[in-house]
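Note that UniProt numbering has the sequence shown beginning at 1, numbered continuously upward. Accompanying notes for the structure given below.
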Amino acid sequence: MKDLKSGIINKRAHPYHIIMVENIEQYRETIINFYESMEMGMTFEDEERFEQLKHSDNSFNFAIHEIGTGKCTNFHVIFQSTIIVNEVIQYNWLAFQENDKNIIISALLSLINRTFENNCQVIQCLVGIADIIALEFQFFQLLFPAIPDFHKVQFMCLLIEEISSDTSFIHDFKTPKEIGEMQTLINPICAQMLNQLPVSEDFMKLLKKYLYCIPNYEMISSFLDKFEDAYKLPNLIYLCSDVLRTILVASPQNTSTPSTPFFLRLIRNGINIAVGILSCSIPEVACEIWYDLVSYSPDFFQNAEFTKFILSELFNFCILFTDPICEFQELIFQTCLLVSEDQVPILPHEYVHLFRILLQITDKCWSNSLDNAISDLFRKIPEQATQVLLENFLNPTPGLFIAICQCRPLPEDFLLNVSIRAINMKDVIPPEHLLLFIWRTGKRFTQFNDQWFEILFSLMPQFPSKVINILLTLLPQNPQYIPKISLNAMDIAMSYLNDIQLFDYSAISSVSKVIKFSKILFNQPPPQLFPKLYAMIFEYTHGIISDFDEEDVSTYFLFVKTICDDLGNIEFNQKIIDDSAALIQSIIAVHSDDHRLIHNLNAFMGKLTFTLGQSQIIIAPQ
Numbered sequence: 001m002k003d004l005k006s007g008i009i010n011k012r013a014h015p016y017h018i019i020m021v022e023n024i025e026q027y028r029e030t031i032i033n034f035y036e037s038m039e040m041g042m043t044f045e046d047e048e049r050f051e052q053l054k055h056s057d058n059s060f061n062f063a064i065h066e067i068g069t070g071k072c073t074n075f076h077v078i079f080q081s082t083i084i085v086n087e088v089i090q091y092n093w094l095a096f097q098e099n100d101k102n103i104i105i106s107a108l109l110s111l112i113n114r115t116f117e118n119n120c121q122v123i124q125c126l127v128g129i130a131d132i133i134a135l136e137f138q139f140f141q142l143l144f145p146a147i148p149d150f151h152k153v154q155f156m157c158l159l160i161e162e163i164s165s166d167t168s169f170i171h172d173f174k175t176p177k178e179i180g181e182m183q184t185l186i187n188p189i190c191a192q193m194l195n196q197l198p199v200s201e202d203f204m205k206l207l208k209k210y211l212y213c214i215p216n217y218e219m220i221s222s223f224l225d226k227f228e229d230a231y232k233l234p235n236l237i238y239l240c241s242d243v244l245r246t247i248l249v250a251s252p253q254n255t256s257t258p259s260t261p262f263f264l265r266l267i268r269n270g271i272n273i274a275v276g277i278l279s280c281s282i283p284e285v286a287c288e289i290w291y292d293l294v295s296y297s298p299d300f301f302q303n304a305e306f307t308k309f310i311l312s313e314l315f316n317f318c319i320l321f322t323d324p325i326c327e328f329q330e331l332i333f334q335t336c337l338l339v340s341e342d343q344v345p346i347l348p349h350e351y352v353h354l355f356r357i358l359l360q361i362t363d364k365c366w367s368n369s370l371d372n373a374i375s376d377l378f379r380k381i382p383e384q385a386t387q388v389l390l391e392n393f394l395n396p397t398p399g400l401f402i403a404i405c406q407c408r409p410l411p412e413d414f415l416l417n418v419s420i421r422a423i424n425m426k427d428v429i430p431p432e433h434l435l436l437f438i439w440r441t442g443k444r445f446t447q448f449n450d451q452w453f454e455i456l457f458s459l460m461p462q463f464p465s466k467v468i469n470i471l472l473t474l475l476p477q478n479p480q481y482i483p484k485i486s487l488n489a490m491d492i493a494m495s496y497l498n499d500i501q502l503f504d505y506s507a508i509s510s511v512s513k514v515i516k517f518s519k520i521l522f523n524q525p526p527p528q529l530f531p532k533l534y535a536m537i538f539e540y541t542h543g544i545i546s547d548f549d550e551e552d553v554s555t556y557f558l559f560v561k562t563i564c565d566d567l568g569n570i571e572f573n574q575k576i577i578d579d580s581a582a583l584i585q586s587i588i589a590v591h592s593d594d595h596r597l598i599h600n601l602n603a604f605m606g607k608l609t610f611t612l613g614q615s616q617i618i619i620a621p622q
């Protein structure tokens with residue numbers, strides 16, 4: 001067998017592993033120093049083994065032998081089987097002679113037959129054997145019977161993972177067709193093991209891996225009785241949810257539409273598992289299971305009876321939620337999206353219930369997804385949803401003022417009355433809800449402009465971005481309100497600039513709004529605005545030229561152009577160009593031999609001067 005110093009090396013490996021594999025003879029002292037720096041020192045046995053290593057003729061054979069004895073405790077930090085698996089087997093196995101292969105196999109089997117626990121060494125040895133089989137499947141008939149029964153489930157799971165994982169090394173050696181053939185051969189053996197296993201953690205782990213070996217998930221039907229027994233056990237319910245979600249979501253091989261009996265049984269199991277997971281105080285996962293259930297086969301929503309059934313069960317689930325966590329919101333939004341499709345039958349009673357749930361969510365939060373869900377469902381049942389809004393108006397909650405903005409058309413007199421109610425409840429409605437209502441609906445009723453502007457001015461210190469956005473629309477149409485703006489309004493806008501994140505695309509519109517707002521207040525940008533904008537641009541410039549990321553550079557130039565166009569000040573533009581040129585010149589002076597950097601900086605400067613409408617400046621090294 002080749003010694004490690006002969007060049008067995010995985011170029012993808014971590015440098016530490018490369019040292020270990022490329023030439024252990026040369027780096028003995030380095031290895032010892034590395035080990036002694038670990039939290040646990042050398043034991044007497046470790047020191048003895050190092051002495052043996054120093055005098056061994058073949059350090060690789062010595063390492064293999066030590067792994068095979070199963071006696072490596074602390075010593076395995078140096079010669080752990082991870083190295084054998086990652087560096088020797090995966091990328092060098094096919095180059096070994098048969099005798100060398102037998103030595104490695106014997107060592108790995110020796111360890112796993114000595115150990116009853118699935119500790120890290122045993123698992124790595126099992127991975128090594130799995131990799132050998134994945135590379136040369138003819139070894140399966142020889143090696144699988146040699147695996148002790150108490151390690152067989154763990155081994156089968158590892159083998160399937162090594163073969164089926166998208167990130168497995170095996171894709172460098174096998175075609176998709178060859179991998180599929182191995183999965184087909186493993187399939188009946190795995191099924192036999194599942195039949196023999198009792199309801200247990202091993203059964204659930206192997207069932208999940210089995211999903212990657214079958215062309216159609218309905219092939220697990222014969223194991224559903226055991227599966228249903230498993231999720232009744234608290235210690236197995238999370239593993240059951242993992243198997244269920246693998247069927248519902250991770251189904252790259254299974255592209256066929258499920259049969260109705262299998263689908264309905266799966267749905268009922270999922271409903272029960274979600275309730276069980278929720279009882280374990282994991283509401284996020286429970287909602288995700290429900291999300292996967294409603295998304296699994298949308299075509300079934302075209303059946304009215306199924307839609308009634310699934311919504312009824314969903315409403316029972318919703319009763320258990322008082323806090324609309326993000327996962328719960330996404331579940332409701334997805335359900336609204338599915339039932340709003342034209343092919344889905346109209347079920348007024350169920351959809352009204354769903355619409356009320358949306359209003360309850362809107363009482364506490366807002367999002368674009370929520371807007372879309374309200375709008376989609378309103379179009380499905382406009383008359384019934386309007387009646388819900390009218391009823392809600394009698395005892396309004398915050399969600400009403402968001403919902404009516406998305407429900408069109410609504411009676412004009414109703415919107416007028418809601419606007420009056422919003423003004424009367426301005427101290428009760430959450431400020432962000434109130435601002436959204438003014439922006440989307442309230443501003444239409446100009447007879448309430450005094451009240452709208454009063455609300456906007458009072459909320460500007462707390463929500464400068466939102467208020468400025470609304471004022472940019474309202475003030476040009478109502479200039480008489482400009483003198484009523486607080487004297488510190490510009491200071492608030494300037495303070496808002498401090499919170500803007502540069503290198504973010506949204507910074508462009510945010511800064512532009514402040515400049516336009518200042519022009520409305522003073523007819524031109526005030527003097528105190530220029531130093532602040534200059535500092536922002538120069539900070540941005542420093543960041544960009546330190547790392548010429550193409551996308552960031554593009555955003556930078558759009559940022560600079562937008563600011564300079566909005567300001568319309570030639571002197572400001574020239575100062576940006578002159579100071580940028582000076583900065584670049586100082587960088588080039590330090591890196592005068594870096595021709596690529598000089599090229600990038602000159603290109604940057606040329607683009608900057610072109611962007612700002614000035615003559616191009618080329619800076620050569622001094």
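Where a beta carbon is used, it is the ideal one built from N, C-alpha and C, also for glycine.
Which of helix, strand or coil DSSP assigns to K232 | In the three-state DSSP reduction, K232 falls in the coil class, being neither helix nor strand.
Figure out for me which residue from V153, G180 and L109 has the closest Cα to the Cα of A134.
-> Looking at V153, G180 and L109, the one whose alpha-carbon comes closest to that of A134 is G180.
What separation, rounded to the nearest whole angstrom, lies between the Cα atoms of F115 and V122?
-> It should be noted that the sequence gives Thr, not Phe, for residue 115. Each residue's Cα considered, the two are about 7 angstroms apart.
Tell whether a beta-carbon distance below 8 angstroms holds between M460 and I492.
-> Closer than 8 angstroms, so yes.
Taking only the alpha-carbon atoms, compute the straight-line gap between T609 and S495 and give it to the nearest angstrom.
-> Their backbone Cα atoms lie some 30 angstroms apart in a straight line.
Rounded distance between the beta-carbons of F263 and S241, thought under 8 angstroms = 18 angstroms between Cβ atoms; not a contact.
Could you name the residues of the same chain whose beta carbon sits closer than 7 angstroms to that of S221, not counting the 5 residues immediately before and after it, in chain order?
-> F262.
Taking 8 angstroms as the CB-CB limit, is D594 close to chain B?
-> Looking at the structure shown, chain B is missing, and only one protein chain is on hand.
Between the C-alpha atoms of E313 and M219, what's the straight-line distance to the nearest angstrom?
-> Going by the C-alpha atoms only, they are around 27 angstroms apart.
When S281, F445 and F517 are compared against L320, the one with the closest alpha-carbon = Nearest in C-alpha terms to L320, of all of S281, F445 and F517, is S281.
CB C365 to CB E327, shorter than 8 angstroms?
-> Their beta carbons are not under 8 angstroms apart, which means C365 does not touch E327 by this criterion.
Unbroken stretches of the alpha helix (DSSP H), 4 residues or longer, contained in the region 309-390 | The qualifying runs are 326-339, 348-364 and 368-380.
For E98, which three-state DSSP category applies?
-> Three-state result, E98: helix.
Could you say if the region 192-206 and the region 167-183 meet the contact criterion of at least three C-beta pairs nearer than 8 angstroms?
-> Short answer: they don't touch.
In angstroms, rounded to a whole number, what distance separates the CA positions of I480 and I520?
-> The displayed chain sequence assigns Gln, not Ile, to residue 480. Q480 and I520: Cα-Cα distance of roughly 12 angstroms.
Take the Cβ of L311 as the centre, count every other Cβ of all protein chains shown within 10 Å, and call the residue buried at 16 or more, exposed below.
-> Counting C-beta atoms within 10 angstroms of its own C-beta, L311 has 16 or more neighbours from the protein chains shown and is therefore classed as buried.
Got a sec? Which residues, its chain only, sit under 8 angstroms from E29 by beta carbon, not counting five neighbours each side?
-> Residue placement at E29 is flagged as unreliable, the pLDDT there being 48, under the threshold of 50; the coordinate-derived value follows with that caveat. The same chain holds no residue with a CB closer than 8 angstroms to that of E29 once the five nearest residues on each side in sequence are set aside.
Can you name the start and end residues of the alpha helix (DSSP H) that L415 belongs to?
-> E412 to N424 is the span of the alpha helix (DSSP H), which, as asked, contains L415.
Identity of the residue in N569, F309, I420 and Q360 nearest H349 by Cα | Residue F309 is the option with its Cα nearest to H349.
If you draw a straight line from the C-alpha of F223 to the C-alpha of C125, how long is it?
-> Distance between the alpha carbons of F223 and C125: 30 angstroms.
Can you tell which of I189, I103, D166 and R379 has its C-alpha closest to the C-alpha of P145?
-> Of I189, I103, D166 and R379, the residue nearest in Cα terms is I189.
Complete runs of the alpha helix (DSSP H) confined to the region 111-138 [at least 4 residues] | Here the runs fully enclosed are 120-135.
Unbroken alpha helix (DSSP H) run spanning W290, endpoints = From DSSP, the alpha helix (DSSP H) with W290 extends over P283 to Y296.
Same chain, Cβ closer than 7 angstroms to Y505, five either side skipped, listed in chain order = Hits under 7 angstroms: T555.
Which class does Y540 belong to by DSSP, given the choice of helix, strand or coil?
-> DSSP, read as helix, strand or coil, puts Y540 in helix.
For C405, the nearest candidate out of Q384, I381 and L435 (CA to CA) = Per the Cα distances, L435.
What is the DSSP secondary structure of K174, reduced to helix, strand or coil?
-> Reduced to three states, the DSSP call for K174 is coil.
Inter-residue CB distance, V127 and L94 (contact presumed, cutoff 8 angstroms) | With a Cβ gap of about 17 angstroms, V127 and L94 do not count as contacting.
Apart from the five residues just before and just after D579, which ones in its own chain have a Cβ nearer than 7 angstroms to its Cβ?
-> So the qualifying residues of the chain are F538.
With respect to the alpha helix (DSSP H) encompassing residue 624, which residues constitute its N-terminal and C-terminal limits?
-> Nothing about residue 624 can be reported from this structure: the residues present for the chain run from 1 to 622 only.
In angstroms with no decimal places, state the Cα-to-Cα distance between F559 and P483.
-> F559 and P483: Cα-Cα distance of roughly 31 angstroms.
Contact between the region 472-479 and the region 524-534: three or more CB pairs below 8 angstroms?
-> As far as the Cβ criterion goes, the region 472-479 does not touch the region 524-534, which means the pair count is below three.
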